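Have a look at the structure below before the remarks.
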Amino acid sequence: MFEPLGYLEISSDCLQMYFKGRFPVNQFLGRAYLCQGQLHAPRSTDNLEEFEKFVLFFMKAIDFATHDRRYFFLIYNASVLYWQLVRPFLKPGYRYCLIPSLSQIITALNQIEEQDSEWQAELMINLLECFLDASKLEEAKEFSSTAAVFIKENVPDKYSQIFSLMVMLKRKLIEIECLECEYEMKKNGTEIVTYTKGVVEAQLKLIKNLELTLKRAVHLGDPGVIQVVCATQWNLCLPLLQRNLHQHVRKPLISVADVLEEIDSMLILLRCQVHMEIARIEEDGDRLEAALEHVQKAMHLNNDGQYREHLRLCFNRLRLSVMLYEPPEHLEDQALVLIEQAKRGNQKDNARKKRSLLVNAGLALAPDTFQIVLDSENEAKVSSGKSNSQISYLCAKAQHHTKSVEKVDEHLKHLRNENGRERIILWADLAKVACKQEVWDVCRAACRFCVLYDDILSREATKHKKGESLLPAKSFSFEADLLRILAEIRFINAEATVHLLRLQGIKLNDHAVPSEAMYQCHPGYVSYLPESDPEWKTYSLWIDSLSQYAMENFQRAAEIGEELNDAWIVHNAVVYVLNYNRHLISSGRQRDIIEYLQTLLGAIKTVGIEILLMLCNALARGLIISWIPKKAPEKKQEKANIIQTLSVDPNGLPDIKAALEICEFALNAMAGTMCKEKISIAAQQQIIATWVKAKQLNQQQIRHQLGMQEEDSNEAQNPLARILVGLEMYSCNGLGLMDFTVPTLAQLVNLALECSWSDSLVELQTLTRLTYFAYVSQDYETVMTCSKRILESDENFVHSRNIKKYYEMLSTTACIQGKSIMENLSGRKHLRVAASKTFVQSARYAGEAGNYSLVMFAARHFWNACLPLLGSPHDREQFKEPTEIVLKNIVKAESKNKQVRVSNRYCLFLVIDADGKETSRYLS
Numbered sequence: 003m004f005e006p007l008g009y010l011e012i013s014s015d016c017l018q019m020y021f022k023g024r025f026p027v028n029q030f031l032g033r034a035y036l037c038q039g040q041l042h043a044p045r046s047t048d049n050l051e052e053f054e055k056f057v058l059f060f061m062k063a064i065d066f067a068t069h070d071r072r073y074f075f076l077i078y079n080a081s082v083l084y085w086q087l088v089r090p091f092l093k094p095g096y097r098y099c100l101i102p103s104l105s106q107i108i109t110a111l112n113q114i115e116e117q118d119s120e121w122q123a124e125l126m127i128n129l130l131e132c133f134l135d136a137s138k139l140e141e142a143k144e145f146s147s148t149a150a151v152f153i154k155e156n157v158p159d160k161y162s163q164i165f166s167l168m169v170m171l172k173r174k175l176i177e178i179e180c181l182e183c184e185y186e187m188k189k190n191g192t193e194i195v196t197y198t199k200g201v202v203e204a205q206l207k208l209i210k211n212l213e214l215t216l217k218r219a220v221h222l223g224d225p226g227v228i229q230v231v232c233a234t235q236w237n238l239c240l241p242l243l244q245r246n247l248h249q250h251v252r253k254p255l256i257s258v259a260d261v262l263e264e265i266d267s268m269l270i271l272l273r274c275q276v277h278m279e280i281a282r283i284e285e286d287g288d289r290l291e292a293a294l295e296h297v298q299k300a301m302h303l304n305n306d307g308q309y310r311e312h313l314r315l316c317f318n319r320l321r322l323s324v325m326l327y328e329p330p331e332h333l334e335d336q337a338l339v340l341i342e343q344a345k346r347g348n349q350k351d352n353a354r355k356k357r358s359l360l361v362n363a364g365l366a367l368a369p370d371t372f373q374i375v376l377d378s379e380n381e382a383k384v385s386s387g388k389s390n391s392q393i394s395y396l397c398a399k400a401q402h403h404t405k406s407v408e409k410v411d412e413h414l415k416h417l418r419n420e421n422g423r424e425r426i427i428l429w430a431d432l433a434k435v436a437c438k439q440e441v442w443d444v445c446r447a448a449c450r451f452c453v454l455y456d457d458i459l460s461r462e463a464t465k466h467k468k469g470e471s472l473l474p475a476k477s478f479s480f481e482a483d484l485l486r487i488l489a490e491i492r493f494i495n496a497e498a499t500v501h502l503l504r505l506q507g508i509k510l511n512d513h514a515v516p517s518e519a520m521y522q523c524h525p526g527y528v529s530y531l532p533e534s535d536p537e538w539k540t541y542s543l544w545i546d547s548l549s550q551y552a553m554e555n556f557q558r559a560a561e562i563g564e565e566l567n568d569a570w571i572v573h574n575a576v577v578y579v580l581n582y583n584r585h586l587i588s589s590g591r592q593r594d595i596i597e598y599l600q601t602l603l604g605a606i607k608t609v610g611i612e613i614l615l616m617l618c619n620a621l622a623r624g625l626i627i628s629w630i631p632k633k634a635p636e637k638k639q640e641k642a643n644i645i646q647t648l649s650v651d652p653n654g655l656p657d658i659k660a661a662l663e664i665c666e667f668a669l670n671a672m673a674g675t676m677c678k679e680k681i682s683i684a685a686q687q688q689i690i691a692t693w694v695k696a697k698q699l700n701q702q703q704i705r706h707q708l709g710m711q712e713e714d715s716n717e718a719q720n721p722l723a724r725i726l727v728g729l730e731m732y733s734c735n736g737l738g739l740m741d742f743t744v745p746t747l748a749q750l751v752n753l754a755l756e757c758s759w760s761d762s763l764v765e766l767q768t769l770t771r772l773t774y775f776a777y778v779s780q781d782y783e784t785v786m787t788c789s790k791r792i793l794e795s796d797e798n799f800v801h802s803r804n805i806k807k808y809y810e811m812l813s814t815t816a817c818i819q820g821k822s823i824m825e826n827l828s829g830r831k832h833l834r835v836a837a838s839k840t841f842v843q844s845a846r847y848a849g850e851a852g853n854y855s856l857v858m859f860a861a862r863h864f865w866n867a868c869l870p871l872l873g874s875p876h877d878r879e880q881f882k883e884p885t886e887i888v889l890k891n892i893v894k895a896e897s898k899n900k901q902v903r904v905s906n907r908y909c910l911f912l913v914i915d916a917d918g919k920e921t922s923r924y925l926s
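Start counting the sequence shown at 3; every next residue gets the next number (the numbering used here).
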């Protein structure tokens, strides 16, 4: 009665006297609860403590009224008062606070069958808005279906409001599904580049799930949501656009293209790229009309013109392929048709027919010189030589080949540099088809013509001023695409030349060695040595020139990769050179190819050794991951401390050994003195972790020196590598496989504390893991040493980058320190207080990180540490401020994630202000 007049103190005194007396249990008790709640009515969102008291008394009033029909009117009155007083919490970001109490009010109104359906509908709509504001989408989905039925039946005028909210909810759910798919893809990280069966199947499963999501988005009819799903689907399909995999994503990409076309999406570039990829897939599947249709759509969408040349050539090729009864006029078009016929020929077609098509295509492109170059390997055109001896024949063959291939240079003189780009693609297609069909002489001839244009592009590049790039700064460059094609042809040309050498019985970079039959005895028993014969020298020099030509092609491919900053091209060049020269390397003849190896090393340095480490790590992990034994489900009777003994499948040993070799190659490259590039610790950490795991699977111990260098090396080992190796050894132990003989934790900790770290995040991760292992080992002293270093230097660790991870690790460290103190109490009260302070610190860091699980974990340990000291009022008083800090950080963590559970905070608040008995009841 005094409250509306503003006499709040009098109202409070009156209510206190009422509750202290022997009050009758009637409607005035409910009214008293409502008055008590109004005394704590929130004035702003700053004081959640007052808000929770307000909610408490209103809920008491409603709970009291639900038990007697005579007092049902109090529930309605309470709902109206409640809604008037919670207005400060209706602003965005704070509605989550209303969810528990508003849900109870709506439930109570339904329970008493309140006749004012319009008021109930209003509250339901607002509760749904609260769920959406708090991002509690599953709860919103469940509640909206019930609310929609009620409103449609009882208050149809408000159905449009609930319907619009349901649409918003569906939109958010679809967007979250897209984010989850993106997260799953990123979680796999670089494993997708291994293209193992399991990784590809997992990616296809994500794509299939997103197809269903796209259907729901189309049904929803929101263009924005549709575009989000389509963009996500495109990102998921990108890794599977390899020629041997892209048929699997044909249907999803067609769905994306059709849907974007239907809504006339403004994502023009995306639509163009999707149609281009579909056209490529359809062409590979011999669905030429469909491919042509998609190319035309891509041409229509290519507004900025960056794909103009690529699409023009693609359109021309497909157009000619579908025109069966109109012979092409231009020579280039004739060659294109012949190449396509050879490409799509039946397997039953004989080799002579395929060869004829390929030769005619070459003649159409170079009618004056192609046959001459092709005949360079035709032994029928080779004369028998001066003396009809075998050496004379070999000399004549070498001279004939050299003279014939020189005619290639005359080809460009007749063309006047016309249609150069188109001809690069035609020659490249001819070479690739001939290579695939193993028509090697045609392949080698086509490659020689194709690489002529590479020389022209190189000369054009040198005309540009320094600092200018030949390649335009676009996301796609036709010039860059041509260079990639030329790099591929360089690889094919080199391999085809190696094939020619093998036909002569020679390996790459080996010298010609005369057979015993060539050693002859002349009259007078004078020994004759072929090495001194000029004809043999001619043949031998020709063999050497072929090896040099092959190596120059590998070298040029690496240079193109370096120019494009394309790591894959460079790494392929390295693999080719190392594989084809394995016999040289095994016999210690690396100096024969030192010039080429230096070029490759320079190219790898340019594209970044970290990329090399990443690729090696991805490949090695892909090799071992399926061979890591999995623990069998534990039986209930088994004790928890018994470690299952696991064994590696012997079938996996070759893969594991290969992974080990790859890791050691990467580690040696990382530690090489020739590599001046600074490698991030994070990149080192990944490859070291894979190397240690491969060592364990291969049953190999690691030396106590903890490094990858040889024991007799005079150079001091990298202390960071030693720490990371030791840490990974500890991580691998106790899993049922071979346990490493590990250094002491004290050694690792001393190294870690003395090191100079360039990456504070890796430093924090390392120290946190060391703290954990020390805790597991019950090494109290080491736990305190590591954790104190971390917590005393927290300001040095916290940067804007990865700040959430920093705070989470700081919270974890503080919690481990507190648990370690608790396990070493020995009845000392001051240590219990110290432990409680570290748990408060842990909660503070978790609150900054917005990690609700960590903050509640810290709060639980804080409570358990405090519980024995709450019997005394004096002891309870000293925990008031720490408790407030814990509560604030629970609120902070939940508000950052918009997932606050008000009831949990309320329970903990009661715990602190109540006496011991009350505390135990609420906590349990």
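All C-beta atoms in this analysis are idealised placements derived from N, C-alpha and C, irrespective of residue type, glycine included.
Since the model is a prediction, treat every value here as computed from it, not as a measurement.
Segment contact flag, the stretch 653 to 667 with the stretch 620 to 636, C-beta cutoff 8 Å, min 3 pairs: yes
Per-residue burial, Phe25 [other beta carbons within 10 Å of its own, 16 or more giving buried]: Translated into positions along the sequence shown, residue 25 becomes position 23. Phe25 is exposed by the Cβ-count criterion.
Cys963 in three-state terms, based on DSSP: Because residue 963 is not part of the residues shown, which for the chain are 3 to 926, the question remains open.
Backbone CA spacing between His402 and Leu503 [nearest angstrom]: Within the sequence shown, residue 402 is the residue found at index 400, counting from 1. Within the sequence shown, residue 503 is the residue found at index 501, counting from 1. Each residue's alpha carbon lies about 16 Å from the other.
Which of helix, strand or coil DSSP assigns to Lys22: For the purposes of this step, residue 22 is identified with residue 20 of the sequence shown, where counting begins at 1. The answer is helix: DSSP assigns Lys22 an H, G or I state.
Alpha carbon of Asp568 to alpha carbon of Asn555, nearest angstrom: Within the sequence shown, residue 568 is the residue found at index 566, counting from 1. Within the sequence shown, residue 555 is the residue found at index 553, counting from 1. Their Cα atoms are separated by approximately 17 Å.
Given Lys405 as reference, the closest of Asp377, Asn421, Ile427 once Cα atoms are compared: One-based indexing of the sequence shown puts residue 405 at position 403. Among Asp377, Asn421, Ile427, the Cα nearest to that of Lys405 is on Asp377.
Exposed unless 16 or more other CB atoms sit within 10 angstroms - verdict on Leu505: Within the sequence shown, residue 505 is the residue found at index 503, counting from 1. Classification for Leu505: exposed.
Proximal residues to Cys132 (C-beta, below 8 Å), its chain only, five neighbours per side dropped: One-based indexing of the sequence shown puts residue 132 at position 130. Cβ within range, chain order: Arg97, Tyr98, Leu100, Ile101, Leu104.
Distance, Ala673 Cα to Leu602 Cα: Translated into the one-based positions of the sequence shown, residue 602 becomes position 600. Translated into the one-based positions of the sequence shown, residue 673 becomes position 671. Whole-angstrom Cα-Cα distance: 18 Å.
Length of the line joining the Cα atoms of Glu896 and Ala136: Here residue 896 corresponds to residue number 894 of the sequence shown, with the count starting at 1. Here residue 136 corresponds to residue number 134 of the sequence shown, with the count starting at 1. Rounded to the nearest angstrom, the two C-alpha atoms are 10 Å apart.
CB of Leu255 within 8 Å of CB of Glu285, strictly: Position 253 of the sequence shown, counting from 1, holds the residue named residue 255. Position 283 of the sequence shown, counting from 1, holds the residue named residue 285. Cβ distance not < 8 Å, so Leu255 and Glu285 don't count as in contact.
For Glu879, the three-state DSSP class (helix, strand or coil): Residue 879 sits at position 877 when you count from the first residue of the sequence shown. Glu879 falls in the helix class under three-state DSSP.
Ranges of the alpha helix (DSSP H) found wholly within the stretch 25 to 103, counting only runs of at least 4: 29 to 41, 50 to 67, 74 to 87
Distance between beta carbons of Ala344 and Val261, contact taken as under 8 Å: Residue numbering aside, residue 261 sits at position 259 when the sequence shown is read from its first letter. Residue numbering aside, residue 344 sits at position 342 when the sequence shown is read from its first letter. That belief does not hold up - the Cβ atoms of Val261 and Ala344 are roughly 38 Å apart, past 8 Å.
Cβ-Cβ distance between Ile545 and Ala514 below 8 Å: Taking the sequence shown and counting its residues from 1, the one referred to as residue 545 is at position 543. Taking the sequence shown and counting its residues from 1, the one referred to as residue 514 is at position 512. Yes.
Buried/exposed call for Gly2, threshold 16 Cβ in 10 Å: There is no way to answer for residue 2, as the model of the chain reaches only from 3 to 926.
Among Gly347, Tyr78, Glu564, the one whose alpha carbon lies nearest that of Gln439: Taking the first residue of the sequence shown as 1, we reach residue 439 at position 437. Closest by alpha carbon: Gly347.
Contacts around Phe4, its chain only, beta-carbon distance under 6 Å, and the 5 residues preceding and following it disregarded: On the sequence shown, position 2 is the one that residue 4 refers to. With a pLDDT of 44 at Phe4, under the threshold of 50, the modelled position of that residue is not reliable, and the figure given next carries that caveat. Contacts found: Ile12, Ser13.
For Lys831, the nearest candidate out of Leu869, Ala498, Val857, Trp236 (CA to CA): Counting from 1 along the sequence shown, the entry for residue 831 is found at position 829. Answer by Cα proximity: Leu869.
Euclidean distance between Cα positions of Val227 and Leu510: As a first step, residue 227 must be located in the sequence shown, where it is residue number 225. As a first step, residue 510 must be located in the sequence shown, where it is residue number 508. So the two alpha carbons sit approximately 57 Å from each other.
Neighbourhood of Leu15 by C-beta, 7 Å cutoff - its chain only, sequence neighbours within 5 removed: Working through the sequence shown from its first residue, we reach residue 15 at position 13. The residue you asked about is not Leu; residue 15 is Asp in the sequence shown. So the list is empty, once near-sequence residues are dropped.
Span of the alpha helix (DSSP H) around Arg357: Taking the first residue of the sequence shown as 1, we reach residue 357 at position 355. Counting along the chain, the alpha helix (DSSP H) containing Arg357 begins and ends at 353 to 367.
Short Cβ contact (8 Å threshold) for Glu331 with Leu428: The residue labelled residue 331 in the question sits at position 329 within the sequence shown. The residue labelled residue 428 in the question sits at position 426 within the sequence shown. No. Outside cutoff.
CA nearest to the CA of Gln113, picked from Val82, Asp70, Ile725: As a position in the sequence shown, residue 113 is number 111, starting the count at 1. It is Asp70 whose Cα lies nearest to the Cα of Gln113.
Residue from Leu92, Gln106, Gln86 with nearest C-alpha to Asp65: The residue labelled residue 65 in the question sits at position 63 within the sequence shown. When only C-alpha atoms are compared, the closest one is Gln106.
Runs of alpha helix (DSSP H) lying entirely within the stretch 823 to 857, each at least 4 residues, in chain order: 831 to 851
Every unbroken alpha helix (DSSP H) within the stretch 269 to 305, with a cutoff of 4 residues, ordered by chain: 270 to 286, 290 to 303
Span of the alpha helix (DSSP H) around Ala136: The residue given as residue 136 occupies position 134 in the sequence shown. Premise fails: Ala136 is in no alpha helix (DSSP H) and is neither H nor E.
Minimum C-alpha distance to Asp224 - residue among Lys189, Ser267, Leu766: The residue you call residue 224 lines up with position 222 of the sequence shown. Of the candidates Lys189, Ser267, Leu766, the one whose C-alpha sits nearest the C-alpha of Asp224 is Ser267.
As assigned by DSSP and simplified to three states, the class of Gly738: Indexing the sequence shown from 1 puts residue 738 at position 736. Correct three-state label for Gly738: coil.
Straight-line Cα distance separating Gly610 from Ala433: Translated into the one-based positions of the sequence shown, residue 433 becomes position 431. Translated into the one-based positions of the sequence shown, residue 610 becomes position 608. Taking the straight line from one Cα to the other gives about 31 Å.
Three or more C-beta pairs below 8 Å linking the stretch 577 to 590 and the stretch 625 to 634: no
Contact belief for Val893 with Leu58 at Cβ below 8 Å, rounded distance in angstroms: In the sequence shown, residue 893 corresponds to position 891, counting from 1. In the sequence shown, residue 58 corresponds to position 56, counting from 1. So it is not a contact: roughly 17 Å between Cβ atoms.
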